[in-house]
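Everything on this sheet refers to the single structure shown next.
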Amino acid sequence: MSTVATTQWQGTPAPEGAQGWIERAAEVAAVLATDAAARDKAGATPHAEIRLLKDSGLVTLLGPVEHGGAGQDWTTAYRVVREVSGADGSIGQLLGYHYLWNWAARLVATREQWESVEAEAARNQWFFGGAVNPRDNDVTVTEDGDDLVFTGRKSFSTGSRVSDVTVLEGVLEGTDKHVFAIVPSDSEGLTFHDDWDNIGQRLTESGSVTLDGVRTPWASAAGYVDKEFRPRVYNTLNVPTIQLVFVSFYLGIARGALETAATYTRTRSRSWLHGGYERAVDEPYVIDVYGDLTTKLWAAEALADAVALEGQALHDDPDAVTERARGEFEVRAAAVKAHATEVALEVTSRIFEVTGARATASAEGLDRFWRNVRTHTLHDPVAYKRREVGRHVLTGELPEPTWYS
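Every letter in the sequence shown is one number past the one before it in numbering that gives the first Met the number 0, and letter 370, counting from 1, is 369.
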């Protein structure tokens with residue numbers, strides 16, 4: 000990646016409004032696209048890529064304006080993640096997870112806590128990582144005077160070695176109370192392991208992490224007052240909000256695959272020697288496939304945008320969120336998650352039908368789109384998302400809030 004490209008916004012005014020930030024994200028994507036296949040193959044820690052996100056201002060998109068943030072909302076954040084993911088799914092995931100961990104303070108913390116975190120994060124351009132996978136229940140939290148001590152291990156910690164701060168999660172010893180806290184990523188006892196070696200999303204720094212007596216003040220325990228958690232219905236918006244971030248980079252990767260394939264077809268694909276057409280772009284079956292995949296992608300994007308707007312209404316008035324509103328939002332998020340998964344997998348696999356055998360060359364890197372989607376869409380089974388939708392349609396049942404999916 001060009002070091003010049005990472006500083007191209009220095010001295011320029013910040014974008015104005017949502018569309019301006021989406022266009023900024025497109026500029027970032029253009030930089031990432033120049034060597035995305037090569038970087039995917041190299042698998043190096045994406046320090047330069049995170050610097051790019053910081054220099055462009057995308058890291059502080061959700062931050063308060065008075066502290067240097069852009070003051071944008073989730074509807075814009077989802078579109079930004081989609082744009083970036085079109086060029087590089089790994090960096091799109093890192094950015095999406097960063098927004099989630101940054102927002103985690105507002106999700107569960109007291110107003111005083113989250114206002115402090117958001118101000119510091121915007122002023123210092125913190126990039127967030129998270130060691131909170133709820134499927135790993137082996138992190139215990141013990142009290143030591145005015146401190147909490149986290150000990151254990153998490154299988155995944157997306158953003159690990161490129162993060163400035165890390166969100167931790169564990170269970171307070173002797174209780175069923177979950178505790179979330181934000182600590183510097185270079186905290187003593189916090190060790191990130193270089194063991195993320197999967198077929199896709201190779202640059203997400205999603206390896207395991209060990210917590211060996213990581214200390215943080217009791218006062219940093221999100222949402223706790225006098226060592227007791229203060230629950231709100233808003234606390235339970237984690238799953239649908241997370242799922243919409245997933246949808247954003249799935250659809251972004253799909254769009255990137257389709258656009259990259261279309262360029263290849265226009266400029267390099269050869270027509271079939273027995274088809275009777277001089278150009279691949281004139282072959283009816285090629286035209287049909289692109290029309291079919293584009294139609295499906297546009298429909299999925301429109302549904303994602305509609306559900307994002309529905310969710311934003313809840314984010315705009317956190318204290319008014321009801322259990323019913325939350326449940327109905329999750330059903331809609333489950334539907335778009337299931338649909339986006341199917342569309343993204345179909346687009347990223349079928350592009351080879353209309354690019355040709357030569358497009359499978361490793362140097363082209365077209366396979367990275369499918370590998371990235373296939374890897375992350377296994378995060379949680381879409382059959383269970385469809386079950387949530389089906390049960391609601393047939394019986395009116397609303398999903399019970401969980402910490403994971």
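Heads up, the beta-carbon is just placed ideally off N, CA and C, and yes, glycines get one too.
Note that the structure is predicted; figures quoted are calculated from it, not measured.
Cβ neighbour criterion (16 or more within 10 Å) applied to residue i
{"i": "residue 11", "result": "exposed"}
{"i": "residue 2", "result": "Residue confidence is low: residue 2 scores 47 on pLDDT, short of 50, so the model does not pin down where it sits. Its coordinate-derived value is still stated next. That one is exposed."}
{"i": "residue 297", "result": "exposed"}
{"i": "residue 226", "result": "exposed"}
{"i": "residue 284", "result": "exposed"}
{"i": "residue 402", "result": "exposed"}
{"i": "residue 220", "result": "buried"}
{"i": "residue 173", "result": "exposed"}
{"i": "residue 273", "result": "exposed"}
{"i": "residue 68", "result": "buried"}
{"i": "residue 399", "result": "exposed"}
{"i": "residue 27", "result": "buried"}
{"i": "residue 65", "result": "exposed"}
{"i": "residue 134", "result": "exposed"}
{"i": "residue 238", "result": "buried"}
{"i": "residue 144", "result": "exposed"}
{"i": "residue 249", "result": "buried"}
{"i": "residue 45", "result": "buried"}
Cβ-Cβ distance between residue i and residue j below 8 Å
{"i": "residue 212", "j": "residue 251", "result": "no"}
{"i": "residue 365", "j": "residue 356", "result": "no"}
{"i": "residue 343", "j": "residue 303", "result": "no"}
{"i": "residue 215", "j": "residue 147", "result": "yes"}
{"i": "residue 243", "j": "residue 310", "result": "yes"}
{"i": "residue 58", "j": "residue 21", "result": "no"}
{"i": "residue 93", "j": "residue 241", "result": "no"}
{"i": "residue 397", "j": "residue 330", "result": "yes"}
{"i": "residue 256", "j": "residue 368", "result": "yes"}
{"i": "residue 179", "j": "residue 103", "result": "yes"}
{"i": "residue 76", "j": "residue 60", "result": "yes"}
{"i": "residue 320", "j": "residue 232", "result": "yes"}
{"i": "residue 268", "j": "residue 354", "result": "yes"}
{"i": "residue 153", "j": "residue 228", "result": "no"}
{"i": "residue 184", "j": "residue 162", "result": "yes"}
{"i": "residue 352", "j": "residue 288", "result": "yes"}
{"i": "residue 110", "j": "residue 235", "result": "no"}
{"i": "residue 165", "j": "residue 182", "result": "yes"}
{"i": "residue 388", "j": "residue 305", "result": "no"}
{"i": "residue 81", "j": "residue 55", "result": "no"}
{"i": "residue 85", "j": "residue 278", "result": "no"}
Expected contact under 8 Å - CB spacing of residue i and residue j to nearest Å
{"i": "residue 87", "j": "residue 47", "result": "With a Cβ gap of about 12 Å, residue 87 and residue 47 do not count as contacting."}
{"i": "residue 73", "j": "residue 307", "result": "6 Å"}
{"i": "residue 121", "j": "residue 206", "result": "At roughly 28 Å, the Cβ-Cβ gap does not stay under 8 Å, so residue 121 and residue 206 are not in contact."}
{"i": "residue 247", "j": "residue 95", "result": "6 Å"}
{"i": "residue 295", "j": "residue 258", "result": "The Cβ separation is near 15 Å, so there is no contact."}
{"i": "residue 159", "j": "residue 128", "result": "5 Å"}
{"i": "residue 280", "j": "residue 262", "result": "The Cβ separation is near 11 Å, so there is no contact."}
{"i": "residue 83", "j": "residue 91", "result": "4 Å"}
{"i": "residue 139", "j": "residue 169", "result": "6 Å"}
{"i": "residue 337", "j": "residue 385", "result": "5 Å"}
{"i": "residue 126", "j": "residue 210", "result": "Contact flag wrong, Cβ pair sits at about 20 Å."}
{"i": "residue 404", "j": "residue 379", "result": "4 Å"}
{"i": "residue 155", "j": "residue 136", "result": "With 8 Å as the limit, residue 155 and residue 136 do not qualify as a contact, their Cβ atoms being about 14 Å apart."}
Run of the beta strand (DSSP E) containing residue i, from where it starts to where it stops
{"i": "residue 283", "result": "Segment 283-315 is the alpha helix (DSSP H) holding residue 283; no beta strand (DSSP E) there."}
{"i": "residue 146", "result": "146-153"}
{"i": "residue 213", "result": "208-216"}
{"i": "residue 94", "result": "Segment 88-107 is the alpha helix (DSSP H) holding residue 94; no beta strand (DSSP E) there."}
{"i": "residue 248", "result": "No beta strand (DSSP E) contains residue 248, which is instead part of the alpha helix (DSSP H) from 237-266."}
One or two residues paired with residue i in a DSSP bridge
{"i": "residue 129", "result": "166"}
{"i": "residue 19", "result": "The partner list for residue 19 (beta bridge, DSSP) is empty, contrary to what the question assumes."}
{"i": "residue 183", "result": "164"}
{"i": "residue 223", "result": "228"}
{"i": "residue 139", "result": "150 and 170"}
{"i": "residue 177", "result": "170"}
{"i": "residue 365", "result": "Looking at the DSSP assignment, residue 365 forms no beta bridge with any residue, so it has no partner."}
{"i": "residue 189", "result": "210"}
Boundaries of the alpha helix (DSSP H) in which residue i is found, first to last residue
{"i": "residue 54", "result": "46-54"}
{"i": "residue 117", "result": "110-123"}
{"i": "residue 323", "result": "322-349"}
{"i": "residue 67", "result": "Note, residue 67: premise wrong, no alpha helix (DSSP H); not H, not E."}
{"i": "residue 387", "result": "381-394"}
{"i": "residue 39", "result": "35-41"}
Proximity test, residue i beta-carbon vs the ligand SAH heavy atom, cut-off 7 Å
{"i": "residue 286", "result": "The ligand SAH is absent from the structure shown, which contains no ligands of any kind."}
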